[in-house]
Each structure stands twice: as structure tokens, then as C-alpha cells.
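Going line by line, the protein sequences match chains B and X. By numbering that gives the first Met the number 0, the letter at position 605 of the first sequence is numbered 604, and the numbering carries on one by one without gaps. By numbering that gives the first Met the number 0, the letter at position 149 of the second sequence is numbered 148, and the numbering carries on one by one without gaps.
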Amino acid sequence: MPDGNKLSSDHRVGRSIPRPDAKDKVTGALHYVDDLPFDGLYGATVRTQTARGRITGLRFRDGSEHGVDWREIAVVTAKDIPRISKLDGLDPNLVSLLIRDQPFLVRDEFRHVGEPVALLAHPDPEVLRRAVQLVEIRTEAATAQHDYRVPPTPDQVQHGEDGPDANVFKRILVSKGAADESAAAFREVFDNAAHVVAAVYETQAQEQCYIEPNGMIARVEVAPEDAEGAVWPRKPWKLIVEGSMQCPYYVHSAMTSLFQLPDKAVQIIQAATGGGFGGKEEFPSIIAGHAGLLALKTRRPVKLIYDRVEDMAASTKRHPSHTRVRAALDADGHLLAIDMDVTMDGGAYLTLSPVVLSRGAIHAIGPYRVDHVRVHNRVTLSNTPPHGAFRGFGAPQTVFAFERHLDRCARAVGLDPVELRRRNLIVRGDTLAISQRIDEPIELHKWMDEALTAARYEQRRQAHALFNTEAEISGNPLRRGVGVATFMHGAGFTGAGEDRLASEVMLRARVCANGEGGVEVCTANTEIGQGAITVFTQIAADALGLPLDAISIARPDTDQVPNSGPTVASRTSMVVGHLVARASDDLVRNLEVSGALSDDDLRSDPDDDRASALSDAHGRKYRTDRLRRALCTAATQESGPLEGWATYERPPGGQWDDVAYKGIAYGTFAWATYVADVEVDLTTFQTRIVDFVASQEIGRVLNPMLAEGQIQGGVVQAMGWALLEEQIYVDGQMRNPNMTNYVVPTFADVPDVRVLFQESPYAYGPWGAKGIGELPMDGPAPAILNAISSALGIDIDALPASPERLMRAVLNAQAQEIR
Amino acid sequence: MTVSHAHSHLADAVPPQRVSFTLNGEPRALMVRPFRRLLDVLRTDLALPGTKEGCGEGECGACSVLIDGEPVNACLVPVIQCEGSTIVTVEGLADHAALHPVQAAFVQHGGAQCGICTPGMVVTAAWMVDRKLDASAIREKLSGNICRCTGYSAIVASVAAALGDAKAPASDADGADA
Ligand code: FES
Ligand code: FES
Numbered sequence: 000m001p002d003g004n005k006l007s008s009d010h011r012v013g014r015s016i017p018r019p020d021a022k023d024k025v026t027g028a029l030h031y032v033d034d035l036p037f038d039g040l041y042g043a044t045v046r047t048q049t050a051r052g053r054i055t056g057l058r059f060r061d062g063s064e065h066g067v068d069w070r071e072i073a074v075v076t077a078k079d080i081p082r083i084s085k086l087d088g089l090d091p092n093l094v095s096l097l098i099r100d101q102p103f104l105v106r107d108e109f110r111h112v113g114e115p116v117a118l119l120a121h122p123d124p125e126v127l128r129r130a131v132q133l134v135e136i137r138t139e140a141a142t143a144q145h146d147y148r149v150p151p152t153p154d155q156v157q158h159g160e161d162g163p164d165a166n167v168f169k170r171i172l173v174s175k176g177a178a179d180e181s182a183a184a185f186r187e188v189f190d191n192a193a194h195v196v197a198a199v200y201e202t203q204a205q206e207q208c209y210i211e212p213n214g215m216i217a218r219v220e221v222a223p224e225d226a227e228g229a230v231w232p233r234k235p236w237k238l239i240v241e242g243s244m245q246c247p248y249y250v251h252s253a254m255t256s257l258f259q260l261p262d263k264a265v266q267i268i269q270a271a272t273g274g275g276f277g278g279k280e281e282f283p284s285i286i287a288g289h290a291g292l293l294a295l296k297t298r299r300p301v302k303l304i305y306d307r308v309e310d311m312a313a314s315t316k317r318h319p320s321h322t323r324v325r326a327a328l329d330a331d332g333h334l335l336a337i338d339m340d341v342t343m344d345g346g347a348y349l350t351l352s353p354v355v356l357s358r359g360a361i362h363a364i365g366p367y368r369v370d371h372v373r374v375h376n377r378v379t380l381s382n383t384p385p386h387g388a389f390r391g392f393g394a395p396q397t398v399f400a401f402e403r404h405l406d407r408c409a410r411a412v413g414l415d416p417v418e419l420r421r422r423n424l425i426v427r428g429d430t431l432a433i434s435q436r437i438d439e440p441i442e443l444h445k446w447m448d449e450a451l452t453a454a455r456y457e458q459r460r461q462a463h464a465l466f467n468t469e470a471e472i473s474g475n476p477l478r479r480g481v482g483v484a485t486f487m488h489g490a491g492f493t494g495a496g497e498d499r500l501a502s503e504v505m506l507r508a509r510v511c512a513n514g515e516g517g518v519e520v521c522t523a524n525t526e527i528g529q530g531a532i533t534v535f536t537q538i539a540a541d542a543l544g545l546p547l548d549a550i551s552i553a554r555p556d557t558d559q560v561p562n563s564g565p566t567v568a569s570r571t572s573m574v575v576g577h578l579v580a581r582a583s584d585d586l587v588r589n590l591e592v593s594g595a596l597s598d599d600d601l602r603s604d605p606d607d608d609r610a611s612a613l614s615d616a617h618g619r620k621y622r623t624d625r626l627r628r629a630l631c632t633a634a635t636q637e638s639g640p641l642e643g644w645a646t647y648e649r650p651p652g653g654q655w656d657d658v659a660y661k662g663i664a665y666g667t668f669a670w671a672t673y674v675a676d677v678e679v680d681l682t683t684f685q686t687r688i689v690d691f692v693a694s695q696e697i698g699r700v701l702n703p704m705l706a707e708g709q710i711q712g713g714v715v716q717a718m719g720w721a722l723l724e725e726q727i728y729v730d731g732q733m734r735n736p737n738m739t740n741y742v743v744p745t746f747a748d749v750p751d752v753r754v755l756f757q758e759s760p761y762a763y764g765p766w767g768a769k770g771i772g773e774l775p776m777d778g779p780a781p782a783i784l785n786a787i788s789s790a791l792g793i794d795i796d797a798l799p800a801s802p803e804r805l806m807r808a809v810l811n812a813q814a815q816e817i818r
Numbered sequence: 000m001t002v003s004h005a006h007s008h009l010a011d012a013v014p015p016q017r018v019s020f021t022l023n024g025e026p027r028a029l030m031v032r033p034f035r036r037l038l039d040v041l042r043t044d045l046a047l048p049g050t051k052e053g054c055g056e057g058e059c060g061a062c063s064v065l066i067d068g069e070p071v072n073a074c075l076v077p078v079i080q081c082e083g084s085t086i087v088t089v090e091g092l093a094d095h096a097a098l099h100p101v102q103a104a105f106v107q108h109g110g111a112q113c114g115i116c117t118p119g120m121v122v123t124a125a126w127m128v129d130r131k132l133d134a135s136a137i138r139e140k141l142s143g144n145i146c147r148c149t150g151y152s153a154i155v156a157s158v159a160a161a162l163g164d165a166k167a168p169a170s171d172a173d174g175a176d177a
């Protein structure tokens, strides 16, 4: 196992290695899906215009005036898809995910605006654009549910039976202490508390807004004997889909289910992907299915690329949320009990909502010690496009509510918000709300203090109090405030999720361009900007003791790489990176077994810098030149290149109980304190973020430059959520599906985010690394809103803190003062 | 469908015309429908897919190219407007194998993550560097280019380094034995 404590100067891990893929990115040589050479048809999607109803018919209006000849356009509807799968007896038109409720194409009933109804293909994209406009969808309206927070009326029920669970996709209860005993015992804690503080918090949807919109190319290879007149679903044939995605094996399983094909008859290839942030986790399966359906119908390659408007209007977003929090505190500000009620908006279909809700529930109370806890969580249906995976995955919503609430509690008790946190943060050996005991050596108080010192929190707070008092007297419209959030994020799948994934990684010997031996790392984990290629290269180079240029990373292609699980949940570096290190050891072991390496090849001098196998589990370290020679031979052997494999093994420790919602949810957490310093202008109600410190403990920092960039990127995305980004829905239709009216942060909107790392290596991550992808999404919104609330002296409890919202809040407060 | 299209049918109906310009140093002449977007002509007709489309409406800057030395959003330019112009795309920045200083700085300072905004970003940044604009103006001059990955700091550092502003933190170059 890699030693978690010290890195020698030989290591490539721990250094700011530039990305191997950077050169192709800066020269424009890297081809994303829409850049690939293509000779085939273009696809387009006809979508519903209203929020709920039934389709009674489609009319293809005459297009002769518009240069549209329907005889030249291929059309696919749900009628082209069989009703019963020969594989499992289920409807293959329903996307295979947690459950199967969302159709690839509407057969009959539909639940949201922009739901796909028909697919068109033609060689000229301009003709297609016009053709889409000529399709008339005839519908019978049904009553839509537009507010996820209220129970449905009987005619709005679309999921489950009428009753308390109508339109509820999932409920989760987290409870601890008195709440486990009885409602009365729990109530008693509140009755006897010195302070009870209650409030409601709301967060809005957020668009991932990766700069590369979604897209797929599908083609069908017909086996020669079937080439003449074959009609789907006759076999054998093979479906090949290439495109922008995070999770090739998710797409793979969705395609085998839709097309009722054996695993081998579906090949999914990731093209270079221009950002994902969760938005390319589950949604690309639908586009792949659409492109595949058209390719199958036309027997031509079909390219289906969304423009920004279609992407924003149709794809998944972050779940909106509504949270009531009640806190019981003693006179000294110790948290005695928390009662929380979380509702998330799942949108029209279930998709990943139960898992998003779960992560929200587990992270709700953060790194605080509270003996009595009850967190009711539910995710409900509303007639908008489904809400789905987005960086943070439910945690940003509950962390926002809880961290905002702590500031309110601090005021009620008469403490500084930081002091209140200090009194309640966990120490080693304490348990979280989910009863997970934290045995790793955490020092949250010290780490928080480091963040506060870097941010000059105390000085700023005093200076701002003075400034605001003077500003009020002198009529200066500026108000200043500083705000804090302290939080955590668990990496990897929850509970036994990683066991079920049973991820596998393979390394194989190869011959490099210079003729020397090297290694190819084969995983299904995708480079989406986060740096997977770089970090895997560093890990394999160190594990084997090879130079970086001896390592290449295979393209995620389901015909070529094993299933190492999805590129989600901050798991790639920590979980899969660990497998890369272990597979490296296995490869060395196999070289020994095959006789390609022997004792003669061992390094003699322990300080020999040609020595390899820095991580070698059995402690045998080989000379680099000998290892490369052995790899070269092993790469060209007759039976195919020699391989090394690793399969996920759960770290020792307890279990997670998915029914009681107690136990070991994650092997480890990353811990963070973020500090925001803001200035609000009471003339324009604009908020300027003056300074932002993001301080976190993330185990070993594998590549400081990349890690810093990923944290900065996540923080700025969260700043957008906190201040700017908002989807306007009218009758379930998004009114601002474009970058002109859905505004994300630009260079001019944000400061340089100052990033600090603490390192407390995690025994089961590569060289001690923990996952960091999602963490920076959790803390900025509450830190910023705490700063704004402090600047204004008014609690701002909903996102985004737009000028309109701040103006309303200030005017309301003034009106109340006058009364 | 819910998509609103900027492309009008009338524009498609206008017959092709001859348009000539200098592209990445080479004279080019082609027959095209005059109102087609320069972005499409570059990507499709001229097989230069380095210039990206992020929004199609002048908001994101992924399609930035230089026209007569000035950064322009190619998604907003009808190709006929380029008659007689000099156009530089991302593919034309590097001098054969040698990266433009801005490109080299993006590699060294982590200015590219997913890379989809990068071509537009380096085109605008190269303009800044070639004009020797002041490093204090980076955030303002680049504010028409949106990046969803980096949070901008590493891009600012990259451009500052290319401008010769030494503050930028560098990657561990000697760690790159590749
Ligand atoms: S594609 Fe031209 S500005 Fe976005
Ligand atoms: S690097 Fe991904 S959008 Fe800028």
C-alpha cells in the first residue's frame, strides 16, 4: 500500500505536473464530439410544448414552401420501439436507471415541457431545423403540478397512489438520540432548551452550463449475413455510440436495455468532453438512445448535437429545495437537538433523485456534534424536466440551510458565528448525525482557525462593524460583511455502493514510441476537465517507478476498458486512483511470475534513483531500465500484452444500514472552512465578493495546481448559484434557456479565490488522497449569504441573493421598523 | 420544439457568393451562402474545428477569432462581412511546432481544464499579449469569454505570465519529465 506519510523527491505524486492533454487543448487540436470527422445524417428532436397531457396525434405539416420534403426525412417515434423487452419483459422504451419511469420517447402520456416525442434525421441540419417546426403535436391537457412543496390534488397524482405518499419519489429519515426513542422525548429536549431557533431556507435549480453542449454520434454495424433487409430488432448487429459523457458504462447499460442487445453488441466511446459537473452523468443515455434509434432506422451514422437552448431547456438541473430547521441550544450555545424537514424537487421523473436526497440527508448536519437529531427528507414530483446530478448532489442544499441557520442561532445566543461553530465542531471520536464515528485524526478547530487567520476574519469583522455604522450616519450606500461556513463532503458512493459497483482497473504492458517498455492504464473514468488523465499518470508512474512518458491512459471505450465505475461522486482520484496503484503492483507481480523480472533486476542501492516500484506492496524495488525492458517483452508476447488487475475492496470498518440510515456512510470525508468577505451596494443592491478563502483538508494533494484549479472552479460555480443563476419557469417552461438570460459568473464577477490545503493522508486513497470534486460546491453559498446577512443586518434565507431579492428584503425590513 | 432559432429561412435562400479572405496566413476563396455564420464556415467548410460553439449568441466567447487583429465572436459574423479580411483562429496561433507564448503559459499554469473554452480564451489572450496590454486589464479584457471549469484564476495567472508579469505561480516544470 502506498505509504501515507512522506513523499521523497522521486515522487511525481504531490507535484504540479502540467496536464498531458493541455497542449492539444490550447492548440485546438483536441476533437470533441462535434469536431470529429463525420459523414452521415444529422438528427433533431421534436419535443412537447406543455407541461402535462396525452398525445393524441402527430401531424407533419406540408413543408414544400420551406424546402422540407418529408419523404427525405427519417422519422422515429415511440411506435418504432417494441413494447416488451425480450430480455426482461419490461418496456424497453423506459430508461434503465434506479427505476424505469422515464421514456426515451413519449408513447402516450407526458410530464414536462421539452419531453422528446419524435426524432428526425436528414443530411442537412438547416432543413432539419425547419422540419422540427413543422411537426404539430396534438395533445389532451392534464393538470400539472408546478409546486413541489405542496401535496398534489387527486388529478395531479402521477407517482404512487393518492394519499400521503402521492408524488413522493423517496423519503429518508435520519434520527439519533431522543428522536430514536420517541417523539415525546425529542420534544422534551426542545421544551427544556434555553434557546429554540426556527427558520425556513430555499434554494433554486441550477444549470450545469458546461460550455460544450451535449452531443452523440451513433452508428450501426450490421453483421455481413444480416446486411440485406434486416429489420430491428433482428440481430446480429452492433451499436456504436461516441460522444460527450461522464459514464460510458451507464450509457452502455441504457443501450443494451433499450435495444435488447447483449453486452458485446454495444460499444460506447467517450469523446473529449467539454465539462460535465454531473450534467453528463445520467442524461447522455437519452441522447445516445435517440441517436441510436435514428442510426438503426436509417442504417447511417447519425449525429445529434444540442444547441445551448435545447440543452438548457431539456436537460437535468440541480434539485430546488425547501428546508425548515429548528435548533435547540443551551445557554452557552451548544447544539442540543436539530429538527430538520427537507423537501427537494425531483422534477417529472425519478431519475437519480433518491440518491441526491440521500447525500443531502447525510450531509445535512455537517461536522457538528448534536446528540438528538431528526431530519425528515423527501423528494417529490413536479412537472418540469427531471432534476438530476450536479456537483454536490444534494449536499449544497442542506449545507446551505444548516450553515445559514447556525448564524441565526449565534445571534439568538449572543455569540460570534465562529464561536458558536467552535463550541459545536466534532473532535476525533465523536459521531455524526448518521451515527458514524470519526476515528481519523481530525483537527477541525485548528483547520478552521487557519482559514480564519488567512481570511483575517477577526480584523475584518471589527472593521466592517465600524464601517457600517459610519456608513449609516454618513449616507454611504455600501455595507460590508464577512461570513463563514464549515462543512464536510464524503467521497465515493454511499454505504455499500462501492461494493455493488465492484470497480475494476487494468494496466497492461505496452511499447512506447521510443521503443522502450511502458504501461497503458485502462479505466472507464473520463477526463472531463478535472484532471483524471494527469492524476492517473502520476499515480501509475509513482506506483511503478517509471517516468511519466512511460504511462499512457486508454480512451474510455467499453470494448477496451474494464468497468471502473462512473466518473461521479468525487470518486475518480480516491477510489479509482487507488485501484490504479494496486493494479500497478499486480502487474509487477505478474512480471515476476512470468519470469520477466528476477532478483538480478532488483535495485542494489536503496538510494539508486533508477529504482522502481515506489509503492510495491511486497517491497521489492526494481531498476527502472530492467523494468522497462521487461515491460517491452511482456507487451509483445504472443498471448497478448501482460496485464495487471485490481478490484475494489472495501476498507475495514463498519457497515452502513440503509434502512435505519445509520453507520459508515463514507470511508472518509474532506473537511473545509470557507470565508467570504462581501460588499453590498444599497443603491444597486449588487453584491461584490471582495475576498474568498477556501480552506480544506483533502488528504494527500496529488497535484497542487490541478487541485487548486478544481477548488477555484467549484467555488466560482457556487458563487454563481449564490448570487446570479436562476431559472425562470412559467407553467413548467423554462423562460431563459440561453446564456444571455441565464447568467453565469464571468471574469469580472469574481475575485481570485484563495485556496488553502491541509493534508491528513487517508489510508485507502492513493498516497493518502481523498476526493475533492464536489466539496467546493457546498460551502460558498452559505458563507456568502452569511456575509450578506451580516452586512445588511437582515437574514437572507433564499438563493440567489440577487439585487431584486436583497432590495425586497431591505424594503420589508424598513417597512417593519416603521410599523 | 422549444428551441428558438436565430437562423432565418430567408438567409438560407440567398444564393452562394464568392468570399475571399486571409485565413491563418493563407489566402482563401470560397463559394458560400453569404449569411452563413463565420463559425460554421470555419468549422465545416474549412475543416478548422478548433473554434468552438458554446452558446451561438455572442455570450460565451468560445468562438472567438481575430478579424483584422481584433477579437470577434464568430457565431455573430455573417461570412460575407469577412470579404478582404485577415482572420486568425486558434489553429493559426502557434508558429508550427512552437506554441504562442500564451498557449505555453496556459499549459504551464493550468489555464485549461476541460479545454472547451480554451481556444476562444487563448485567441483573446493572444490579442492582449500581442498588443502588450497591461496585466491589470486581464479580467476586463477577457470578460467576454466564459469558463465554467477554472474559476478564472489560473487563466489570469497564465495570461499574466505570458505578459511577463512574474506573480503567476508556475507548475512544477521539472516534475514533468515527460
Ligand atoms: S458561441 Fe459565439 S459567443 Fe458563444
Ligand atoms: S476549461 Fe472548461 S470551460 Fe474553461
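Beta carbons: idealized from backbone N, C-alpha and C, even for Gly. A quick note: this is a predicted structure, and the numbers were derived from the prediction, not measured.
| query | result |
| --- | --- |
| Would a C-beta distance cut-off of 9 angstroms place Phe103(B) and Ile54(B) closer than the cut-off? | no |
| Check whether the Cβ of Met738(B) sits closer than 8 angstroms to any heavy atom of ligand 1, and report yes or no. | yes |
| Tell me whether Ser502(B) sits in a helix, a strand or coil according to DSSP, three-state version. | coil |
| From Tyr31(B), Gly62(B), Ala595(B) and Arg60(B), pick the residue whose C-alpha is nearest to that of Gly53(X); which is it? | Tyr31(B) |
| Can you say whether Met806(B) is buried or exposed, counting buried as having 16 or more other CB atoms within 10 angstroms of its CB? | exposed |
| Whole-angstrom Cβ separation of Tyr348(B) and Gln101(B), contact assumed at under 8 angstroms? | 4 angstroms |
| When DSSP labels each residue in this structure, what does Asp190(B) get in the three-state scheme? | helix |
| So what does DSSP say about Cys62(X), is it helix, strand or coil? | coil |
| Identify the continuous alpha helix (DSSP H) that holds Thr557(B) and give its terminal residues. | From DSSP, Thr557(B) is part of no alpha helix (DSSP H); its letter is neither H nor E. |
| Which residue or residues does DSSP assign as beta-bridge partners of Tyr367(B)? | Leu424(B) |
| Distance check for Ile83(B) and Asp90(B), CA to CA, integer angstroms please. | 5 angstroms |
| Can you give me the Cβ contacts of Arg421(B) inside the same chain, cut-off strictly under 8 angstroms, excluding the 5 residues immediately before and after it? | His444 and Met447 |
| Could you work out which residue in Cys148(X), Ile154(X), Glu139(X) and Gln16(X) is closest to Pro77(X) when comparing CA atoms only? | Gln16(X) |
| Note down, in chain order, each residue of its chain lying with its Cβ closer than 7 angstroms to the Cβ of Glu139(X), except the 5 sequence neighbours on either side. | none |
| Going by beta carbon distance, what residues of the same chain come within less than 8 angstroms of Leu29(B), once the five residues before and after it are set aside? | Asp20, Asp23 and Ala271 |
| Thinking C-alpha only, which one of Arg18(B), Gly528(B), Gly514(B) and Gln757(B) is nearest Gly277(B)? | Gly528(B) |
| Suppose contacts are defined by Cβ-Cβ distances below 9 angstroms. Is Met733(B) in contact with Ile727(B) by that definition? | yes |
| Any idea what DSSP makes of His108(X), helix, strand or coil? | helix |
| Taking only beta carbons into account, state which residues of the segment 99-133 of chain X come closer than 7 angstroms to chain B, listed in chain order. | Gln102, Phe105, Val106, Gln107, Gly109, Ala111, Gln112, Cys113, Gly114, Ile115, Cys116, Thr117, Pro118 and Val121 |
| Would you decide whether Lys78(B) is buried or exposed? Buried here means 16 or more other CB atoms lie within 10 Å of its CB. | exposed |
| Return the chain-ordered ranges of every beta strand (DSSP E) run that is complete within the segment 459-521 of chain B and spans a minimum of 3 residues. | 477-489, 503-510 and 516-521 |
| Contact criterion: CB-CB distance below 9 angstroms. Does Gln695(B) meet it with respect to chain X? | no |
| Can you find the residues in the same chain that come closer than 6 angstroms, C-beta to C-beta, to Gly62(B), ignoring five residues on each side of it along the sequence? | Leu133 |
| Rounded to whole angstroms, what is the Cα-Cα separation between Ala229(B) and Ala294(B)? | Note on Ala229(B): pLDDT 44, under 50, position unreliable in the model; the coordinate value appears next. Each residue's alpha carbon lies about 13 angstroms from the other. |
| Hey, is Leu38(X) close to ligand 1, as in C-beta under 8 angstroms from one of its heavy atoms? | yes |
| Residues of the segment 20-34 of chain B with a CB closer than 9 angstroms to any CB of chain X: list them in chain order, please. | Asp20, Ala21, Lys22, Asp23, Lys24, Val25, Thr26, Gly27, Ala28, Leu29, His30, Tyr31, Asp33 and Asp34 |
| With C-beta atoms as the reference, is Ala790(B) less than 9 angstroms away from Asn475(B)? | no |
| For the alpha helix (DSSP H) holding Phe819(B), just list the boundary residues, first then last. | Absent from the structure is residue 819(B), since the part of chain B shown begins at 0 and ends at 818. |
| Kindly indicate the opening and closing residues of the beta strand (DSSP E) around Asn72(X). | Glu69 to Asn72 |
| Say yes only if the C-beta of Cys113(X) is nearer than 8 angstroms to one or more non-hydrogen atoms of ligand 2, and no if none qualify. | yes |
| Just checking Leu75(X) against ligand 1 - is the residue's beta carbon closer than 8 angstroms to any of the ligand's heavy atoms? | yes |
| What separation, rounded to the nearest whole angstrom, lies between the Cα atoms of Arg42(X) and Gly291(B)? | 25 angstroms |
| Which two residues bound the contiguous alpha helix (DSSP H) that contains Tyr673(B)? | Looking at the DSSP string, Tyr673(B) is not in any alpha helix (DSSP H); the run it does join, the beta strand (DSSP E), is Phe668 to Asp680. |
| Could you tell me if the beta carbon of Tyr31(B) falls within a distance shorter than 8 angstroms of some heavy atom in ligand 2? | no |
| Throw me the rounded Cβ distance for the Ala531(B) and Thr557(B) pair, which I believe falls under 8 angstroms. | Between Thr557(B) and Ala531(B) the Cβ distance is about 17 angstroms, and since that is not below 8 angstroms, they are no contact. |
| At a cut-off of 8 angstroms, is Lys140(X) close to ligand 1 when judged by its beta-carbon and the heavy atoms of the ligand? | no |
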